[in-house]
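Read the structure below first, then the notes.
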Amino acid sequence: MKEMKNEKLMNEFWLRPAFQKNNSAKWKYFKKKTTVTLTTSLLLFFFLLVVSLLFLTRWFDLAKYTSTLFYKFASPTIQPQVVEFPLDCAAWNQSNTCPRNYPTSYKPLHPNNSTCPEYFRWIHEDLKPWKETGITREMLEKGKRHAHFRLIILDGKIYVEKYNTKRFIQTRHLYTMYGIVQLLRWYPGRLPNLEIMFDTDDRPVVRSKDYRKPNSGPPPLFRYCSDWHSLDIVFPDWSFWGWAETNIRPWRGVIKDIKEGNKITKWKDRVPFAYWKGNPHVTPIRKDLMKCNVTDKQNFDTLLYVQDWDDQSRKGFKESDLGNQCTHRYKIYVEGWAWSVSEKYILACDSPTLYIRPRFHDFFIRGMIPQHHYWPIRENDKCKSLKFAVQWGNNHTHKAEAIGKAGSQFIHEDMKMEYVFDYIFHLLNEYAKLLKFEPQVPSEAVEICSESLACTSHGIWRKFMEEALEKSPSYTNPCTLPPPYEPQQLKSFVEQKIKATQEVEAWENEYWSNPKNKQ
């Protein structure tokens, strides 16, 4: 009985957004409705009593009317409704303090017994340098000279201390902070107390060779990408909550746009060449890629275009809609100054991604496999490698289409926003377990919330923050974090990727050894 009562109260709570404020008119209506309901119940009771007496005296057969009575008077099952909490800019503008109306805890409506995608296992690998020693205050402070900000979660509130010694790149830092704020709205009361240092620049800076001595204590520094020679902790990039400077919407919206765009042209009907569009001036590897473009004297089956973001801004980004760029059979991914934000959008197109061998990795690419999710391209002989990839795909259309579908499915399913939140959730929880000190709020830190970031923004910056706002807690618990790789498991997984890449390179060598295939 107690459990039924608690469940009834919980359902009533979810159905009562209108009564959370002391509104006398609504209260009178509620009292009136309650009185009417009681009167109806008494009349129904006496009616059924009379019917029962008639049945006992055999005046009529009750069975003829039972079902009719049930369907007429039985209450339909009422599904619990989730209360939404939109931005409260009026409260922020009045007091410049974060509202306190959002839940500090939640009870999921549905269980979640699923295990997180395989790439979540890399969380353990990224935190392994501190597994034995833990993370001390001294280690954390070492990262300050590289960090753009320190973020603290304490008793369910978020505080930030910004460092102006480094130049901020656009509004990366604001959208990264905003993303963590949304995580706490998604899973209120579920994040532990912690402190992190975050660097929003591109390239990793914590070199593993500098911390090989015992007890050398590398700084735990968060950023968007790392490489095999660095210890930086990878974190989902800011664009999941929007990239206003390039008119790229938050992830939930843009992935829907791409999914709809994929339906416009079937893969076999797409342009049978490899496509890339971007800024070639940020790094030598991109300048080198442009040499592969089609000319009167050469044809490597590539169509390469320069993206001028300033020009696109003046034109209202009409030619850079991600939902309309899945028009070619093959899409090329090439790094920029470090890893490139474009990676996830390219992989989502249902076309095989011709992935030029990277130096850097973000948080999810380590879970993808060559020949299954993408096609590997040599970085030191791009043109011939791209040419062979297109020729192979056009001669093995079923296999090529399957690679495009597998890569796209990985992005649309294993990278949906719920899993992005779960990844950050588990990363921060595992990180917090390693802390050997009590998190504190520095005197220069300020509390942040959705209102402090969105209500003070304007134009498209505010528009994207409003779109990315989590208005209510999650319906479910986070997925279950899979265990760390055993050494042999990790070795086998890496060897599988190496073998698949080497197999493609062997096919390339055989193709170009044939004189008729030479340019």
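Following UniProt numbering from start to finish, the sequence shown increments by one per residue and tops out at 519.
Beta carbons are placed, not taken as given, at the ideal position from N, Cα and C, and that holds for glycine.
- Per DSSP, reduced to three states, the secondary structure at Tyr355 is strand.
- Going by beta carbons, Lys144 and Tyr163 fall inside the 8 Å limit.
- Residue nearest to Asn380 within the set Leu154, Lys291, Glu486 and Val282 is Lys291 (criterion: CA-CA distance).
- The beta carbons of Ala406 and Tyr330 sit no closer together than 8 Å.
- Under DSSP, Trp339 takes part in no beta bridge, so it has no partner.
- Of Ser114, Thr136 and Ser208, the smallest CA-CA separation from Asp126 is found for Ser208.
- In the three-state reduction of the DSSP assignment, Phe388 falls in the helix class, which pools H, G and I.
- When the beta-carbon positions are compared, Cys89 and Cys455 come within less than 8 Å of each other.
- With fewer than 16 other beta carbons inside 10 angstroms of its own, Pro483 counts as exposed.
- Each of Leu453, Gln371 and Leu481 was checked against the Cα of Glu503, and the nearest Cα belongs to Gln371.
- Assignment of beta-bridge partners to Ile248 by DSSP yields Trp243.
- The region 245-263 makes contact with the region 461-468; the number of CB pairs closer than 8 Å reaches 3 or more.
- Counting only runs of 3+ residues, no beta strand (DSSP E) is found wholly inside the region 108-150.
- A check of alpha carbon separations from Trp375 across Asp201, Ser408, Asp362 and Phe360 identifies Ser408 as the nearest.
- In the DSSP assignment, Gly278 falls within the unbroken beta strand (DSSP E) covering Val271 to Gly278.
- Between the region 410-421 and the region 289-307, the count of C-beta pairs closer than 8 Å stays below three; the two stretches do not touch.
- Here Leu191 carries a coil assignment [DSSP, helix/strand/coil].
- Here His361 carries a strand assignment [DSSP, helix/strand/coil].
- Between Leu304 and the set Val334, Tyr511, Gly404 and Arg249, the nearest pair of CA atoms involves Val334.
- The criterion of a C-beta distance shorter than 8 Å is satisfied by Pro218 and Tyr211.
- Using a Cβ-Cβ distance cut-off of 8 Å, the region 109-127 and the region 177-195 are not in contact, since fewer than three pairs of beta carbons, one from each stretch, lie closer than that value.
- Three or more beta-carbon pairs drawn from the region 115-132 and the region 425-433 are found closer than 8 Å, and the two stretches are therefore classed as touching.
- Bounds of any beta strand (DSSP E) do not take in Thr476, whose DSSP letter is neither H nor E.
- Three or more beta-carbon pairs drawn from the region 351-362 and the region 387-404 are found closer than 8 Å, and the two stretches are therefore classed as touching.
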